[in-house]
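Read through the structure below, which is laid out as structure tokens, and then see the notes.
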Amino acid sequence: MIRINLLPDEYRKKSRTPLKLMLAVTGLVAANGLALAWLAFLHFGVMAEIDSEKTVMQTESEGLAAQIKYHKSLEQEKKIYSLREQALADVTSNRISWTRKVDELIDVVNKGVQGDRHMVWFDDLIVQQTSDARAKSYGSVRAGGHSGSERFDQIANFLEDIEQSSFISDFLPPAPPEGTQQQTDKELQPAIVWGFPLQLNLKSPEERSGKPALEDPKAKPAAPNTNAKSTAEAKASAEEKKQ
Numbered sequence: 094m095i096r097i098n099l100l101p102d103e104y105r106k107k108s109r110t111p112l113k114l115m116l117a118v119t120g121l122v123a124a125n126g127l128a129l130a131w132l133a134f135l136h137f138g139v140m141a142e143i144d145s146e147k148t149v150m151q152t153e154s155e156g157l158a159a160q161i162k163y164h165k166s167l168e169q170e171k172k173i174y175s176l177r178e179q180a181l182a183d184v185t186s187n188r189i190s191w192t193r194k195v196d197e198l199i200d201v202v203n204k205g206v207q208g209d210r211h212m213v214w215f216d217d218l219i220v221q222q223t224s225d226a227r228a229k230s231y232g233s234v235r236a237g238g239h240s241g242s243e244r245f246d247q248i249a250n251f252l253e254d255i256e257q258s259s260f261i262s263d264f265l266p267p268a269p270p271e272g273t274q275q276q277t278d279k280e281l282q283p284a285i286v287w288g289f290p291l292q293l294n295l296k297s298p299e300e301r302s303g304k305p306a307l308e309d310p311k312a313k314p315a316a317p318n319t320n321a322k323s324t325a326e327a328k329a330s331a332e333e334k335k336q
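The sequence shown begins at 94 in our numbering and counts up one residue at a time.
The following block contains the structure:
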């Protein structure tokens with residue numbers, strides 16, 4: 094049912110907002126304001142904390158960057174020194190103490206004189222050594238030798254003593270003995286001596302160090318040398334000729 098108030102405006106009751114509604118709206122506005130204030134505090138507070146942590150991390154990163162750069166430089170130096178160490182190790186492994194080798198050769202010569210097996214001396218001693226793997230030979234020891242005896246088998250005795258001594262450890266076995274008779278002054282004893290060449294070829298660095306030698310897959314196997322004679326066989330042949 095529709096009701097119409099016909100009283101003049103001055104006599105009409107003014108309509109007012111209900112108190113409960115006003116309190117509800119006020120509370121809602123206050124809650125929203127507090128929420129916005131809290132969100133703003135969290136936002137700016139977290140941002141400030143993040144900025145502070147970012148500044149600290151950048152400072153630490155700059156310090157670590159210098160240390161990383163220094164570490165990389167040390168790693169590079171380590172590689173360089175490792176290469177140098179390897180090069181020195183290779184040189185040392187390929188190196189032969191020629192002073193020791195000459196002493197060992199002298200011992201073989203002296204022992205032969207003391208045991209009447211041979212009496213040998215040399216005109217010269219030529220040493221050659223190379224570390225080039227492409228070379229046909231890794232080096233050699235060559236000498237022009239003399240045997241102070243008319244007996245050819247003393248040359249074989251000398252080469253046999255060489256093969257049984259520590260001197261041969263870095264060399265391949267010597268070739269079969271060979272020589273020529275040389276007539277000297279008849280007033281000397283003996284009047285006839287033998288001249289012979291001495292040549293000993295060095296083993297490869299792998300063989301000298303006891304490591305297996307690297308085989309070239311393209312290399313052909315060497316044919317057996319049917320003409321070569323061992324020192325013992327040559328010595329026996331010399332004794333047969335003497336008889």
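Positions of the beta carbon are idealized from the N, C-alpha and C atoms, including for glycine.
Predicted model only: the values in this text are computed from it and were never measured.
**Request:** Using the Cα positions of residue 230 and residue 223, report the straight-line distance between them to the nearest angstrom.
**Result:** What you label residue 230 is simply residue 137 of the sequence shown in a count that begins at 1. What you label residue 223 is simply residue 130 of the sequence shown in a count that begins at 1. Roughly 8 Å between the two C-alpha positions.
**Nearest neighbour of residue 303, chosen from 241, 154, 282 and 264 [CA to CA]** = Residue 303 sits at position 210 when you count from the first residue of the sequence shown. The option with the nearest alpha carbon to residue 303 is 264.
**Asked** Among 232, 213 and 255, which one has its Cα closest to the Cα of residue 245?
**Response** What you label residue 245 is simply residue 152 of the sequence shown in a count that begins at 1. Answer by Cα proximity: 213.
**Message:** Less than 7 Å between C-beta atoms, sequence neighbours within five positions excluded: which residues of the same chain meet that for residue 95?
**Reply:** Reading the sequence shown from its first residue, position 2 is the one you call residue 95. Excluding positions up to five away in sequence, the list is empty.
**Prompt:** Looking at the unbroken beta strand (DSSP E) that takes in residue 290, where does it start and where does it end?
**Reply:** Numbered from its first residue, the sequence shown carries residue 290 at position 197. Residue 290 -> beta strand (DSSP E) spans 285-294.
**Message:** Given this structure, state the Cα-to-Cα distance separating residue 197 from residue 272, to the nearest angstrom.
**Reply:** Residue numbering aside, residue 197 sits at position 104 when the sequence shown is read from its first letter. Residue numbering aside, residue 272 sits at position 179 when the sequence shown is read from its first letter. Looking at the two C-alpha atoms, the distance is approximately 23 Å.
**Request:** Inspect the CB distances between the region 284-302 and the region 246-265 and report whether three or more fall short of 8 Å.
**Result:** yes
**Message:** Out of 215, 249 and 188, which one is the CA nearest neighbour of residue 221?
**Reply:** Taking the sequence shown and counting its residues from 1, one reaches residue 221 at position 128. Taking only the C-alpha atoms, the option nearest residue 221 is 188.
**Under the three-state DSSP convention, the category residue 189 falls into** = Position 96 of the sequence shown holds residue 189. The answer is coil: DSSP assigns residue 189 none of H, G, I, E or B.
**Asked** Can you list, in chain order, the stretches of the beta strand (DSSP E) that have 3 or more residues and sit fully within the region 227-275?
**Response** Within the region 227-275, the complete beta strand (DSSP E) runs of at least 3 residues are 232-240.
**Request:** For residue 111, count neighbouring Cβ atoms within 10 angstroms of its own Cβ and tell me buried if that reaches 16, exposed if not.
**Result:** Translated into the one-based positions of the sequence shown, residue 111 becomes position 18. Exposed, since its Cβ has fewer than 16 Cβ neighbours within 10 Å.
**Message:** So if DSSP puts residue 219 in a beta bridge, which residue, or which two residues, is it bridged to?
**Reply:** Taking the sequence shown and counting its residues from 1, one reaches residue 219 at position 126. Answer is 235.
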